[in-house]
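One structure below.
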Amino acid sequence: MVTAGGYWLTNGGPSTERPINSMLLEDILREVDGSPSSYARASRIISEGEFGQLAPVNVAVLSTFTFDLVGPFLVVESARRGMRVNPFFAPFNQLEQQVLDKGSALYQSDPGVVVIASRIDEIAPPLVERFVSLGQEDVVTEIANVTERVRGLIKGIRQHSQATVLVFNFAPPSYLSAGLADTGLGMSQTSAIQQANDQLAQVCRSETGAFVFDYARLVTESGQRNWQDPKLWYLGRVPMGSNAQLKTGKSLSRYIRAARFPASKCLVVDLDNTMWGGVIGEDGVGGIALGEEFPGSVYKSFQRRLLSLRDQGILLAIASKNNESDVLEVFEKHSDCVLSLDDFAARQIHWNDKASSLRGIAEELNISTDALAFFDDSPVEREWVRSQMPEVTVIDVPEDPMGYADTLENSGAFDNLSISQEDLQRPDMYRQEAQRRDLQKVQQSPEEFFKQLEMSATIGFLDQDTLPRVAQLMAKTNQFNLTNRRHTAQDLQAMTETGGLGLWMRLTDRFGDNGLIAVAVAVSESACQWKIDTFLMSCRVAGRKVESAFLGVLCGIVQQKGGQSVMGEYISTAKNGMVSQFYQDHGFHGVDDEGKLWHWDFSDGALPVPEFISVNIEGDDSSGG
151 MVTAGGYWLT
161 NGGPSTERPI
171 NSMLLEDILR
181 EVDGSPSSYA
191 RASRIISEGE
201 FGQLAPVNVA
211 VLSTFTFDLV
221 GPFLVVESAR
231 RGMRVNPFFA
241 PFNQLEQQVL
251 DKGSALYQSD
261 PGVVVIASRI
271 DEIAPPLVER
281 FVSLGQEDVV
291 TEIANVTERV
301 RGLIKGIRQH
311 SQATVLVFNF
321 APPSYLSAGL
331 ADTGLGMSQT
341 SAIQQANDQL
351 AQVCRSETGA
361 FVFDYARLVT
371 ESGQRNWQDP
381 KLWYLGRVPM
391 GSNAQLKTGK
401 SLSRYIRAAR
411 FPASKCLVVD
421 LDNTMWGGVI
431 GEDGVGGIAL
441 GEEFPGSVYK
451 SFQRRLLSLR
461 DQGILLAIAS
471 KNNESDVLEV
481 FEKHSDCVLS
491 LDDFAARQIH
501 WNDKASSLRG
511 IAEELNISTD
521 ALAFFDDSPV
531 EREWVRSQMP
541 EVTVIDVPED
551 PMGYADTLEN
561 SGAFDNLSIS
571 QEDLQRPDMY
581 RQEAQRRDLQ
591 KVQQSPEEFF
601 KQLEMSATIG
611 FLDQDTLPRV
621 AQLMAKTNQF
631 NLTNRRHTAQ
641 DLQAMTETGG
651 LGLWMRLTDR
661 FGDNGLIAVA
671 VAVSESACQW
681 KIDTFLMSCR
691 VAGRKVESAF
701 LGVLCGIVQQ
711 KGGQSVMGEY
721 ISTAKNGMVS
731 QFYQDHGFHG
741 VDDEGKLWHW
751 DFSDGALPVP
761 EFISVNIEGD
771 DSSGG
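FYI, in our numbering the residues of the sequence shown are 151 to 775.
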């Protein structure tokens, strides 16, 4: 198979020994037959070979048990998702020793992701071995001790590294201390471990760049008895059998990818035999399969899953070869249609090829084509899009529609470690944007249109509440991005704590709230000279002059801090050509012949803020600059 937006989708196949340099990655992955030995061989080849299409990620694992056997599964499953994971496994039960020593092997491995893998059995033995003997206060104390220890580990890591931290939560023990009587206890053992997991999640939410890895769900889905291999445990302190090691490696690869790379923004779906069974143009509204009874119930369930994605902030779009009137009739008249036309941010319903449809959708939504994922029951259509648009994530759809929902979930295309308020509002924001376009059509000039929008910008300083959304926007924004620097939330926090200036901007207008749509970071190079390290904005609001308001406020605050001049920087990429003249258009003077550095001296005056935008500055700068 071929790549799909960074996802490697392969099937099992016969093994053939060949020199590493002559082997293609898809061939290596195809030869993995599910056995530990095939994973070990593929892992070795991936680790030793040169595969430039894989993004390198250093991953360090701190554990209270032997984790090394998960390594080959993690490396191979990460390669399927476009990453070359270089794992470091610290000796087990060396958590604090590795975390608190800045010269430890943990930090020498220069991790982008740190995994803290502990079991409740080792980190809080009384909650497992002697639970019945504990009083309720003792249970509460044990839970508090566990969560505070984890908090200390996260804070310790943050002292020496800006890596993303993934914390395993706790699976239930193999045997309940009170047996069948567990639910009759004042606080059951099951409830106590769930409380520990809830508090663990609260700790991660309160610490920048820390997230829970849901190990408990993995174990529960498989069953505790199926998870373990007693021989591996007693001989080597390995709490997972080979199948459990594979599942852990697969799941961890999804978390790592979500931590390091943005998810797809928009799911483009076909209609016939995808959203419903049958062909609407031939079968008519009454003849398609969609309802509460099989087989229509399968498609209705899939539509519910799509609606759930929309609720999370994923945009939905249609790419269908059909007569539009036939399609509209289904959404207007079929009572079992879960989704309405309003749930779709864009529609391409005609007889043109699907690659053209996807380009049209990206253009209409003002997002890059690599932010699209494509779900179509036709292997011909999928292969066409792969060949024409390799940057798109093409999901391999099974022949049996009963597998549609699971395939969509397991693709990982929409994996996010957190969901912001802006994510939840995104589908409605795009509907509002369509209303803005309608207004623009009836205005005589851009200035009149901008006045009619009644725009109000709120600009604030980076803090713990806004860091996650700011880092998310920084990771996803490609086009209106002057330098394309991908600072993490931890990076941004460190920059502001050392005197840097970090700003965000939220925009509202007569049609609604656009959310947090712009980020700027400036750093002091000397007492009087500042440099704009980062300046980016969502393309949804490009062309409304809000970027001019943001730049004007940024430079005004720099001047208040004692700056006498500011240097803007433009680093050209394949996608940000739209802002190549940004500083020049705002009156900055070129410093070099390459158009990279641009200078503004405050003796020339302040940068103007457009009069048709109301600006409110929120909060105080706590960076210490």
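All C-beta atoms in this analysis are idealised placements derived from N, C-alpha and C, irrespective of residue type, glycine included. Quick caveat, the model's predicted, so the values are computed rather than measured.
- Mind checking whether residue 277 and residue 339 have CB atoms under 9 Å apart? yes
- Query: What three-state label does DSSP hand residue 465 in the structure shown?
  - Reply: strand
- Please name the residue or residues paired with residue 665 in a DSSP beta bridge. 657
- Along the chain, where does the alpha helix (DSSP H) that runs through residue 223 open and close? 221-230
- Mind checking who residue 748 pairs with in its DSSP beta bridge? 718, 740
- Integer Cβ distance of residue 238 from residue 210, believed to fall under 8 Å: 5 Å
- Thinking C-alpha only, which one of 281, 392, 473 is nearest residue 221? 392
- Taking Cβ positions, are residue 700 and residue 609 nearer each other than 9 Å? yes
- Query: With distances taken between CB atoms, is the gap from residue 489 to residue 497 smaller than 9 Å?
  - Reply: no
- Message: With H, G and I counted as helix, E and B as strand and the rest as coil, what does DSSP make of residue 237?
- Response: strand
- At least 3 beta-carbon pairs within less than 8 Å: the segment 423-435 vs the segment 374-382: no
- Query: Using the rule of at least 16 other Cβ atoms within 10 Å of the residue's Cβ for burial, across every protein chain shown, is residue 167 buried or exposed?
  - Reply: With a pLDDT of 36 at residue 167, under the threshold of 50, the modelled position of this residue cannot be trusted; read the value that follows with caution. Residue 167 comes out exposed.
- Member of 538, 515, 542 whose CA lies at the smallest distance from the CA of residue 525: 542
- Query: Hey, how far is the Cα of residue 652 from the Cα of residue 342?
  - Reply: 41 Å
- Task: Would you identify the three-state DSSP class for residue 429, choosing helix, strand or coil?
- Result: coil
- Message: Taking its Cβ as the centre, do 16 or more other Cβ atoms sit within 10 Å of residue 724, making it buried, or is it exposed?
- Response: exposed
- Item | Helix, strand or coil at residue 608 according to DSSP, with G and I counted as helix | strand
- Look up residue 680 in the DSSP assignment and say whether it is helix, strand or coil. strand
- Message: Looking only at its chain, what residues have a beta carbon closer than 8 Å to the beta carbon of residue 708, apart from the 5 residues adjacent to it on each side?
- Response: 651, 672, 680, 716
- Task: Whole angstroms is fine: what's the gap from residue 412's alpha carbon to residue 757's?
- Result: 34 Å
- Message: Under 8 Å, with one C-beta from each stretch per pair, do the segment 609-619 and the segment 637-644 reach the 3-pair mark?
- Response: yes
- Span separating the alpha-carbon of residue 763 from that of residue 605: 5 Å
- Item | Collapsed DSSP secondary structure at residue 759 in the structure displayed | coil
- Query: Who are the Cβ neighbours of residue 561 in its own chain at under 6 Å, not counting the five residues just before and after it?
  - Reply: 545
- Message: Excluding the 5 residues flanking residue 387 on each side, which residues of the same chain have their C-beta closer than 8 Å to its C-beta?
- Response: 215, 216, 242
- Query: Which word fits residue 282, buried or exposed, when buried means at least 16 other C-beta atoms lie within 10 angstroms of its C-beta?
  - Reply: exposed
- Message: If contacts are defined as beta-carbon pairs under 8 Å, then residue 274 and residue 296 qualify, I think. What distance do you get, rounded to the angstrom?
- Response: 5 Å
- Message: By alpha-carbon positions, which one of 553, 309, 579 ends up nearest to residue 466?
- Response: 579
- Task: Give the DSSP bridge partners of residue 208, in chain order.
- Result: 236
- What residues in its chain sit with their C-beta under 6 Å from that of residue 201, if we drop five residues either side in the sequence? 175
- What do you get for residue 260, buried or exposed, if any count of 16 or more other CB atoms within 10 angstroms of its CB means buried? exposed
- Task: Can you say whether residue 574 is buried or exposed, counting buried as having 16 or more other CB atoms within 10 angstroms of its CB?
- Result: exposed
- Message: So, for residue 692: in the same chain, excluding its five sequence neighbours on each side, which residues have a beta-carbon less than 6 Å away from its beta-carbon?
- Response: 630
- Between the CA atoms of residue 664 and residue 647 - distance to the nearest angstrom: 28 Å
- Query: Terminal residues of the continuous alpha helix (DSSP H) containing residue 487?
  - Reply: Careful: residue 487 lies outside any alpha helix (DSSP H) and carries neither H nor E.
- Message: Can you check which of these residues, 506, 540, 670, 405, is closest to residue 612 by C-alpha distance?
- Response: 670
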